[in-house]
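**Q** Let me begin by handing over the structure; questions about it come next.
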Amino acid sequence: MTDLTLFVGRLLIAQLFLLGAVQKLSNPEPAMGLLAEWGLPTGLIWPALAFNLLAGLCLVLGIATRSFAAALAAYCAVTSVFHFIPADPWQMSIFVKNWAIAGGALVLAAHGAGQWALQRQS
């Protein structure tokens, strides 16, 4: 049962980042707007897209799972700052969800990919 739950958990977390990459590619303006509001270069969206895509694929396949899960936890923690807007309930929901996703990613970082992975010790 543990390997099944690790596999399903990897897929569920990965889909957030894979769909985030698709969203950034198909409609980059909202994310670019958030970056601009913080005075950051809007071009940062492209490395973020690449990281989302690579990390999501690695979680799905079970490649370097511990490393990518730890990096995703950090990514979620850092990007949560963009959504800390107490006056906006929707943004606060995203803020809290980022921390929940970081928690799930930390569990994957601790336990690895399980047996259903291309790198079983990842």
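Yeah, the sequence shown ends on 152 if you go by my numbering, and it's all consecutive.
For each residue, glycine too, the CB sits at the ideal point set by N, CA and C.
For clarity, every value in this text was computed on a predicted model and none was experimentally measured.
#1: Over what stretch of residues does the alpha helix (DSSP H) that includes Gln-145 continue unbroken?
#2: Taking 7 Å as the limit between beta carbons, can you name the residues of its chain near Leu-79, skipping five residues before and five after?
#3: Report back the beta-carbon spacing between Cys-106 and Ile-131 to the nearest angstrom; my notes put them in contact at under 8 Å.
#4: Just reading off the alpha helix (DSSP H) that Val-52 is part of, what are its end residues?
#5: What is the rounded straight-line gap between the Cα of Trp-146 and the Cα of Leu-91?
#6: What is the DSSP secondary structure of Leu-65, reduced to helix, strand or coil?
#7: Quick check: Gly-134 and Gly-63, are their CB atoms within less than 8 Å of each other?
#8: Rounded to whole angstroms, what is the Cα-Cα separation between Leu-42 and Pro-71?
#9: Whole angstroms are fine: how far does the CA of Gly-86 sit from the CA of Gln-45?
#10: Is it true that the CB of Leu-138 sits closer than 8 Å to the CB of Ala-104?
#11: Could you tell me the alpha carbon to alpha carbon distance between Glu-59 and Leu-148, rounded to whole angstroms?
**A** Taking the structure as given:
#1: Within the sequence shown, numbered from 1, the residue matching residue 145 stands at position 115. No alpha helix (DSSP H) holds Gln-145; DSSP gives it neither H nor E.
#2: Taking the sequence shown and counting its residues from 1, one reaches residue 79 at position 49. Ala-51, Lys-54, Leu-55.
#3: Indexing the sequence shown from 1 puts residue 106 at position 76. Indexing the sequence shown from 1 puts residue 131 at position 101. At roughly 5 Å, the Cβ-Cβ gap stays under 8 Å, so Cys-106 and Ile-131 are in contact.
#4: One-based indexing of the sequence shown puts residue 52 at position 22. Unbroken alpha helix (DSSP H) run through Val-52: 32 to 56.
#5: Numbered from its first residue, the sequence shown carries residue 146 at position 116. Numbered from its first residue, the sequence shown carries residue 91 at position 61. Taking the straight line from one Cα to the other gives about 9 Å.
#6: Mapped onto the sequence shown, residue 65 falls at position 35. Helix at Leu-65.
#7: Against the sequence shown, residue 134 aligns to sequence position 104. Against the sequence shown, residue 63 aligns to sequence position 33. No. Outside cutoff.
#8: Locating residue 42 in the sequence shown gives position 12, counting from the first residue. Locating residue 71 in the sequence shown gives position 41, counting from the first residue. Going by the C-alpha atoms only, they are around 30 Å apart.
#9: Locating residue 45 in the sequence shown gives position 15, counting from the first residue. Locating residue 86 in the sequence shown gives position 56, counting from the first residue. Answer to the nearest angstrom: the Cα atoms are 7 Å apart.
#10: Residue 104 sits at position 74 when you count from the first residue of the sequence shown. Residue 138 sits at position 108 when you count from the first residue of the sequence shown. No, the Cβ-Cβ distance between Ala-104 and Leu-138 is not below 8 Å.
#11: Here residue 59 is taken as the residue at index 29 of the sequence shown, counted from 1. Here residue 148 is taken as the residue at index 118 of the sequence shown, counted from 1. Taken atom to atom, the span from the alpha-carbon of Glu-59 to that of Leu-148 is near 35 Å.
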